[in-house]
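So the structure is just underneath, and the comments pick up after that.
In our numbering, the protein residues as written are 2 to 99.
See below:
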């Protein structure tokens, strides 16, 4: 049975507690990373993105254009910084473009 609080808490705090208690943060990070990729790089690059996968601290991105892959490889550090800023935490340390 879940523990009860004697005082009132906000919905946000209740959700954070639920996510922490049920160890759902890693799954939410994976979903949020996919959304952050689309937001940061825009719809033009999202059209050529076939898969975005987060594994530990590495972001794997599958692209359908070899030319775009080469262009993005020059700015990996900048992309990592922008995505981490969008997520609000230092989650990604390495970017692999495939």
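From the three backbone atoms N, C-alpha and C, an ideal C-beta is built for every residue, glycine too.
Item, Value
"Using a Cβ-Cβ cutoff of less than 8 Å, which residues in the same chain neighbour residue 96 once the five nearest sequence positions on both sides are dropped?", "59, 60, 62, 77, 80, 81"
"Using the three-state DSSP reduction, which class does residue 35 fall into: helix, strand or coil?", "helix"
"At what residue ranges does the region 17–79 contain a whole run of the beta strand (DSSP E), taking only runs of 3 or more?", "50–56, 59–64"
"Could you say which of 8, 40, 98, 56 lies nearest to residue 70 if we only look at CA atoms?", "98"
"Find out if the Cβ-Cβ distance for the pair residue 87, residue 41 is shorter than 8 Å.", "yes"
"Out of 57, 67, 37, 44, state which residue places its alpha-carbon closest to the alpha-carbon of residue 89.", "37"
"Could you name the residues that DSSP lists as bridge partners for residue 95?", "59"
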